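With the first letter of the sequence shown counted as 1, position 361 gets the number 359 in our numbering; the numbers rise by one all the way through. Built from N, CA and C at the ideal position, the CB exists for glycine as well. Computed from a predicted structure; not experimentally measured. Worksheet: one structure, shown below.
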Amino acid sequence: MRRILALTTAVCLLGATACDSSSGSSEAAPETVEDLAEEGLVGLALIHRGFEGADPETEQVLVFHDADTGAPLQRIELPDGAVDPMAPEVPVHGRFSDDWQYFAFTTKESNAVHLAVLTEPEDAEDEEIEGFSYQPVETIAAGQGETLSEPLIHGERLWYVAGNGEGQPPQVMSVPLEAPQGTPNQEGSLALGEGQRPSDWAITPDGSLHIRNSVPTQQVAGGEGDLVVRATNGTVVNATLTTGGRQWQTFDDATVWGGDHALLRTDGGGDGAPQGVLLLTLEDQGYSTTPLAEDEDAPVVQFAPSAERDAVLLQTEAAWFRVDMADGEVAEAEELFPRFHDASMDGWPLLVRWSQEPPADPSAEPSQSPTS
-1 MRRILALTTA VCLLGATACD SSSGSSEAAP ETVEDLAEEG LVGLALIHRG FEGADPETEQ
59 VLVFHDADTG APLQRIELPD GAVDPMAPEV PVHGRFSDDW QYFAFTTKES NAVHLAVLTE
119 PEDAEDEEIE GFSYQPVETI AAGQGETLSE PLIHGERLWY VAGNGEGQPP QVMSVPLEAP
179 QGTPNQEGSL ALGEGQRPSD WAITPDGSLH IRNSVPTQQV AGGEGDLVVR ATNGTVVNAT
239 LTTGGRQWQT FDDATVWGGD HALLRTDGGG DGAPQGVLLL TLEDQGYSTT PLAEDEDAPV
299 VQFAPSAERD AVLLQTEAAW FRVDMADGEV AEAEELFPRF HDASMDGWPL LVRWSQEPPA
359 DPSAEPSQSP TS
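This is how it looks when you write it as structure tokens:
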């Protein structure tokens, strides 16, 4: 019987952490997509570019790691070149559907948005693929003079940006995941800013489109600093806090925390620069901040909040940490395991999300997205 991922010595080289013997059980590995969905793809999901030190463009793998030990639990191969092999920040958290069945991507050569589905080995066209993989099944081609980019999946829709390169604002479009060749909805225009650069954009947890340059700033009084935020439908997406002569800002290309909270990092290093991050909370009469992992020696580069926002995993340049914050009480950062290595420019895998439970039964009633 096929074993999708055994904890062999080679696989353990994913990170500096040793293999966890408890993960190498004798239970049969799932052999079909249905089996995999039933077991659930859970853990810390990371995209390794250059799996096991291989070519970062052709060996791209989604790996689920045990969120307590770092041990690899499951791996799924991505199409070659699906993720920029050297980009330091790529919003891969938005490239996968909630149930992990779909993956959206673009490549440098194609100028198209590709939609891939989770596929078991028997269905894969590439005979060298030994385990589960994402195989392209649909392509949204660009029109004459058009450029397609920035695919993102939210709920049952695939979002992307269409631009014509003629000084006109690019358009945010969306199509149903199950019918991507249908007529797309035009969701909004990305206002052009300095140097004709299109605005940043994001989708909030409740599915609202946030276009940064189209949202007015809000000055927030209170606290010990100058806070400016941009929010859409009650969700803070962008925030800049100036305090103590230093700026703290929301992470680019990261998950939107939701509601009246945001996670902020400093705008640079240097002698005396504070480490860790700040959890920002807007309040009726102002705001407050709570430092997380402030005693660590390296800056935080990625974070993965829990679905209920009662804990967060933080990656510094050296290790992964967990901070619990249930019932409004923030615990000290607990070091979990050393950070992983890959062959990308920064040398560590890209964070997708912290998947804590198997995907919900599609026949069940949909739950409300957490906003706080």
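Based on Cα-Cα distance, which residue from the options lies nearest to residue i?
i             : options                        : result
glycine 48    : Pro356, Trp157, Gly205, Met343 : Met343
alanine 52    : Leu348, Arg351, Asp340         : Asp340
leucine 349   : Val218, Glu50, Leu280, Leu60   : Leu60
glutamate 120 : Ala110, Gly129, Ala43          : Gly129
threonine 105 : Glu144, Glu148, Glu29          : Glu148
alanine 219   : Glu176, Val31, Gln283, Glu192  : Gln283
glutamine 247 : Pro297, Leu261, Val328         : Leu261
valine 31     : Glu118, Asp250, Ala140, Asn236 : Glu118
glutamine 142 : Ser187, Ala110, Met171, Val170 : Ala110
glycine 79    : Pro178, Ala85, Glu55           : Glu55
glycine 256   : Ala85, Arg228, Ala271, Leu76   : Arg228
alanine 237   : Asp204, Pro272, Leu280, Pro203 : Leu280
proline 203   : Thr145, Tyr285, Leu113, Asp258 : Asp258
glutamine 169 : His46, Trp199, Gly193, Leu225  : Trp199
alanine 85    : Glu333, Ile45, Gln245          : Ile45
glutamate 176 : Glu154, Gly165, Asp82          : Glu154
proline 272   : Asp66, Phe249, Ala296          : Ala296
glutamine 194 : Ser108, Gly165, Ser172, Leu76  : Gly165
serine 108    : Ser172, Leu146, Ile74, Asp250  : Leu146
valine 298    : Glu327, Asp250, Gly326         : Asp250
aspartate 66  : Glu327, Glu75, Leu311          : Leu311
For residue i, which residues of its own chain have a beta-carbon under 8 Å away from its beta-carbon, when the five flanking residues on both sides are left out?
i             : result
leucine 150   : Pro89, Gly92, Arg93, Ala102, Leu156, Trp157, Tyr158, Ile201
alanine 189   : Pro167, Pro196, Ser197, Ile209, Asn211, Ser212
serine 206    : Thr230, Asn231, Thr233
valine 115    : Gln99, Tyr100, Phe101, Tyr132, Gln133, Val135
alanine 309   : Pro303, Arg320, Val321, Asp322, Met323, Ala324
arginine 337  : Gly13, Ala14, Gln313, Thr314, Glu315, Ala316, Ala317, Trp318, Trp346
histidine 371 : Since the first and last residues shown for the chain are -1 and 370, residue 371 lies out of range.
alanine 329   : Val321, Asp322, Met323
glutamine 245 : Thr238, Leu239, Thr264, Asp265
Could you give the C-beta distance for residue i and residue j, rounded to a whole number, given that I count them as a contact under 8 Å?
i             : j                 : result
alanine 317   : phenylalanine 335 : 7 Å
glutamate 294 : threonine 264     : No, glutamate 294 and threonine 264 are not in contact; Cβ-Cβ is about 13 Å, not under 8 Å.
glycine 274   : proline 289       : 5 Å
leucine 39    : serine 353        : 6 Å
threonine 253 : arginine 351      : 7 Å
proline 178   : isoleucine 138    : 6 Å
Leaving out five residues on either side along the sequence, give the residues of the same chain with a beta carbon under 6 Å from the beta carbon of residue i.
i                : result
glutamate 355    : none
threonine 287    : Leu276, Leu278
alanine 331      : Ala291, Phe319, Val321
valine 9         : Note on valine 9: pLDDT 38, under 50, position unreliable in the model; no value is reported.
phenylalanine 62 : Leu39, Gly41, Ala43, Leu71, Gln72
histidine 112    : Phe103, Pro134, Thr137
glutamate 333    : Ala317, Phe319
glutamate 37     : Pro28
glutamate 144    : Ala160, Asn162
Could you name the residues of the same chain whose beta carbon sits closer than 7 Å to that of residue i, not counting the 5 residues immediately before and after it, in chain order?
i             : result
glycine 223   : Leu239, Thr240, Thr241
glutamine 300 : Gln313, Leu349
glutamate 57  : Gly48, Phe49
glutamine 217 : Val226
tyrosine 285  : Val218, Gly220, Gly221, Leu225, Leu278, Thr279
aspartate 82  : Val88
alanine 140   : Asn109, Ala110, Leu146
serine 172    : Arg155, Leu156, Trp157, Pro182, Asn183, Glu185
Within 7 Å (strictly less), CB to CB, does residue i reach chain B?
i          : result
valine 159 : No chain B is part of this structure, which consists of one protein chain only.
Just to confirm, does residue i get its C-beta within under 6 Å of one of the non-hydrogen atoms of the ligand FMN?
i          : result
proline 83 : Summarising the ligand content, the structure contains no ligands, and the ligand FMN is consequently not present.
Checklist entry - Three or more C-beta pairs closer than 8 Å, one from the segment 160 to 167 and one from the segment 176 to 192: is that the case here? => result Contact holds: three or more Cβ-Cβ distances are below 8 Å.
Item to check | Uninterrupted alpha helix (DSSP H) stretches inside the segment 213 to 251 (no shorter than 4 residues) | outcome: Restricted to the segment 213 to 251, not a single alpha helix (DSSP H) segment is unbroken, complete and at least 4 residues in length.
Item to check | Contained beta strand (DSSP E) runs [length at least 3] in the segment 49 to 136, N- to C-terminal order | outcome: Counting whole runs of 3 or more residues, the segment 49 to 136 contains the beta strand (DSSP E) stretches 58 to 63, 70 to 75, 100 to 103, 110 to 117.
Next on the checklist: Which complete alpha helix (DSSP H) runs does the segment 251 to 326 hold, if anything under 4 residues is left out?
Outcome noted: Taking 4 residues as the shortest admissible run, the segment 251 to 326 contains no complete alpha helix (DSSP H) segment at all.
Checklist entry - Along the chain, which unbroken stretches of the beta strand (DSSP E) at least 3 residues long are found entirely within the segment 146 to 212? => result Counting only runs of 3 or more, we get 155 to 161, 169 to 174, 183 to 187, 199 to 201, 207 to 209.
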